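Numbering (mature numbering (1 follows the signal peptide of the UniProt record, and there is no 0)) for the sequence shown: -29 to -1, 1 to 326.
Positions of the beta carbon are idealized from the N, C-alpha and C atoms, including for glycine.
Since this is a predicted model, take the numbers as computed values, not measurements.
Working notes, beginning with the structure itself.
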Amino acid sequence: MPWAHRIMVPLSPFLALLCTCVCVTSATAKSLDASYGLAFSLSMDYGVASAYFPNGTYRDIAKIEGGPRFKDYMRHIDPVGAPDSVVSEHLQAEDSFLGGVLKHLWPIRHPSNNPLTAMFKALRSASESALERPVSIVEIAVNCFPHGPRLSTFFAEIDAALEDSSMEKLRPPRTNGEMAARAKGIEGYCGDEPGDPCDPERVVLSVENTRSGLTIIMWTETSGSYDFHRVLHSPELGQDSLDNCERRNANQSCIDELKNSIRTVAKMPLKFNWGGLERIEAIVLLGEGAVDARLNGILRDILQEQYATEVIDVMLSSASTDPIFLASRNLARTDWTMKDNGNKAADIQDRWELR
């Protein structure tokens, strides 16, 4: 537990005894339920839940539209630089050592201002109904991350909302675009031994299109590792906004704005100190608007400016038949793999200790 590592000051004997009890109880090894993996994926206006099972099958559990506060929160994640958002009072009250100790000893729930809590609770309820069992561990993916110092606050808000929903995650949140790309098999390989061949670095463009907004991320992928370089995150370029704009304007100003925005994030080559990469190797389409003919046509037009037609066709053929649940499905499989590996490691440790 995070607070257990902050014991740096003398404690009263009574409080020290209570801390010891909590630490011992928390350290007791528990087997993780590896009968399923579960993941939630958050987009601008909605959240989805998917489960993965050991036999290799998936279940897309729910797509839930968020309330006004959730929508405002997700639409205004600023990947360039965002002002501090509203942090839950529950999180602020616990931002001390003693607050953390008392929270674990007497977990009294307080009303939360966290805009993610209601969505997590709704997705948890739907998941428990579908799986017919309690849910306590889930992995999280979001459309994009905020920039700089805002990132740590963003992660803390996710943790606080999960805790308010009686859940936790095993590792940091991921992005929908990365998980969707991995779901399409875009993961290079590099051998472990010196001199082993490695797949070359490549540029991947993830395009998450929804009714309420557009999120495009340019990635470089190297040996299964993803790094993002450019991000477009705009609630003004979603399907609904473009439809309304086109109805109000007879000219093509709305489409021109969309094209210019995409050109900015998709411009090649991508240059580094050591050189650069000349072309986009793959495009992954996800979200409820992934099959939107208007956006796909614009993508083709823009890429046509840089590449041959046959290459564009190959790139856009990577669109998923399940674009809404593409990221959550792959992350649910990852969740199950982590649980299964964790249980195997714990079993080996138990056997070793019994020798």
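Of the residues Leu87, Gly156, Gly268 and Leu213, the one whose Cα lies closest to the Cα of Val113 is Leu87.
Three or more beta-carbon pairs separated by less than 8 angstroms link the segment 247 to 263 to the segment 151 to 161, which places the two stretches in contact. If you keep only unbroken alpha helix (DSSP H) runs of at least 4 residues inside the segment 226 to 303, you get 264 to 275 and 280 to 287. Selection Arg40, Phe125 and Lys34 evaluated against Ala97 yields Lys34 as nearest (Cα-Cα).
Counting only residues of its own chain and dropping the five nearest sequence neighbours on each side, Tyr23 has a CB closer than 6 angstroms to the CB of Gly8, Tyr29, Ala303, Arg304 and Trp307.
With contact defined as three or more Cβ pairs closer than 8 angstroms, the segment 234 to 246 and the segment 134 to 149 are not in contact. Secondary-structure assignment with DSSP links Phe11 through a beta bridge to Ala20 and Ile111. CA-to-CA, the gap between Pro144 and Pro50 works out to about 15 angstroms. Met189 is bridged by DSSP to Leu176 and Arg201. Residue burial annotation: Arg182 is buried, with at least 16 other C-beta atoms found within 10 angstroms of its C-beta. Taking the Cα of Gly18 as reference, the smallest distance to any Cα among Asn26, Glu276 and Ile32 is reached at Ile32.
In chain order, Leu9, Arg95, Ser98, Glu99 and Met138 place their CB closer than 7 angstroms to the CB of Val106, counting only its own chain and leaving out the 5 sequence neighbours on each side. Per DSSP, Asp4 lies in no beta strand (DSSP E) segment and is marked neither H nor E. The beta-carbon separation of Ala237 and Ile273, rounded to 6 angstroms, stays under the 8 angstroms limit for a contact. Looking from the CA of Val174, the closest CA among Leu185, Glu164, Asp167 and Thr191 belongs to Thr191.
The continuous stretches of alpha helix (DSSP H) do not include Lys140, and DSSP gives it neither H nor E.
DSSP lists Val19 as the bridge partner or partners of Lys34. Distances from the CA of Glu259 to each of Asp16, Asp4 and Glu217 were compared; the closest alpha carbon is that of Asp16. Annotation for Gly148: the continuous alpha helix (DSSP H) segment containing it runs Asn147 to Ala154. Our two residues, Glu179 and Leu213, have alpha carbons roughly 15 angstroms apart in a direct line.
Leaving aside the five residues that flank Ala5 on each side, the residues in its chain whose CB is nearer than 6 angstroms to its CB run, in chain order, Lys310, Asp311 and Asn314.
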